[in-house]
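Residue numbers (the numbering used here): 10 to 200.
Here is the structure we will look at, set down as structure tokens.
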Amino acid sequence: EEAFVSTGSNVFDLPRLKKVYEPKEPTCGRLVREGRKVRFIRQSSGPLRIYRFPDEVVAGGFYMVGADSKQATVGDYCCAQALNRKSWERVAVLREKGDQNTFGDHLINLAMFYDKAMIAPETGLGGGSAVVGHIFAKGYENVYQHRKTNKMPGQLDQTWGWVTNAQTKPEAIGNLQSAIYDATTEPFYSR
Numbered sequence: 010e011e012a013f014v015s016t017g018s019n020v021f022d023l024p025r026l027k028k029v030y031e032p033k034e035p036t037c038g039r040l041v042r043e044g045r046k047v048r049f050i051r052q053s054s055g056p057l058r059i060y061r062f063p064d065e066v067v068a069g070g071f072y073m074v075g076a077d078s079k080q081a082t083v084g085d086y087c088c089a090q091a092l093n094r095k096s097w098e099r100v101a102v103l104r105e106k107g108d109q110n111t112f113g114d115h116l117i118n119l120a121m122f123y124d125k126a127m128i129a130p131e132t133g134l135g136g137g138s139a140v141v142g143h144i145f146a147k148g149y150e151n152v153y154q155h156r157k158t159n160k161m162p163g164q165l166d167q168t169w170g171w172v173t174n175a176q177t178k179p180e181a182i183g184n185l186q187s188a189i190y191d192a193t194t195e196p197f198y199s200r
């Protein structure tokens, strides 16, 4: 309801958004690494809120972890959202303070927990590039590689993570608008 209201209007169609919004109570806790496995520990004050565990997904999981490291300083919160890429459902939210390396470790744990999800950290400003470097240094390679939008469509460049800038921000917003529209519109082929 508050997204982009500083411009005077909301970029999302609120009636459609309300149709796809399904409030759920999260299970709070944290993830801990045990060798090659990651385990969830319930903790009421934990930094991780899980809305749907990987084994609860009916259609199977295909996940993406989007992350914003902010400045990744001890006093600033870093945040991540885990999404089921088939249903666009948000399955988990991580919000914790820490440096780039600690946040990178949390992202790897979250991605491992959700079936080796692709990690897409924002790398425009702040510590995002350092987070990506740490993720690769730890041996996790399922990281989003940016596709250029201002040159050849779909062309891969050497930028890892999501770069937010004047060209990509409208693209991201447009993709979200389309997802909301598609989720609330009867498919053409079923008419």
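Where a beta carbon is used, it is the ideal one built from N, C-alpha and C, also for glycine.
Secondary structure of residue i, DSSP reduced to three states
i      : result
Ile189 : helix
Ala91  : strand
Val172 : coil
Asp64  : helix
Thr177 : helix
Gly183 : helix
Arg39  : strand
Tyr86  : strand
Expected contact under 8 Å - CB spacing of residue i and residue j to nearest Å
i     : j      : result
Pro63 : Tyr123 : 6 Å
Lys95 : Phe71  : 5 Å
Endpoints, the alpha helix (DSSP H) within which residue i is located
i      : result
Phe122 : 109-122
Val140 : 137-146
Arg25  : 23-29
Where the beta strand (DSSP E) through residue i begins and ends
i      : result
Ala126 : That residue, Ala126, is in no beta strand (DSSP E); it is neither H nor E in DSSP.
Val8   : Outside the displayed span of the chain (10 to 200) sits residue 8, for which this structure offers no information.
Lys46  : 46-51
Gly75  : 72-77
Does the region 174-188 come within contact of the region 103-121, defined as at least 3 CB pairs closer than 8 Å?
With a cut-off of 8 Å, the region 103-121 and the region 174-188 do not count as touching, because too few Cβ pairs lie within range.
At least 3 beta-carbon pairs within less than 8 Å: the region 98-107 vs the region 129-143:
Remark: fewer than three beta-carbon pairs, one from each stretch, lie closer than 8 Å, so the region 98-107 and the region 129-143 are not flagged as touching.
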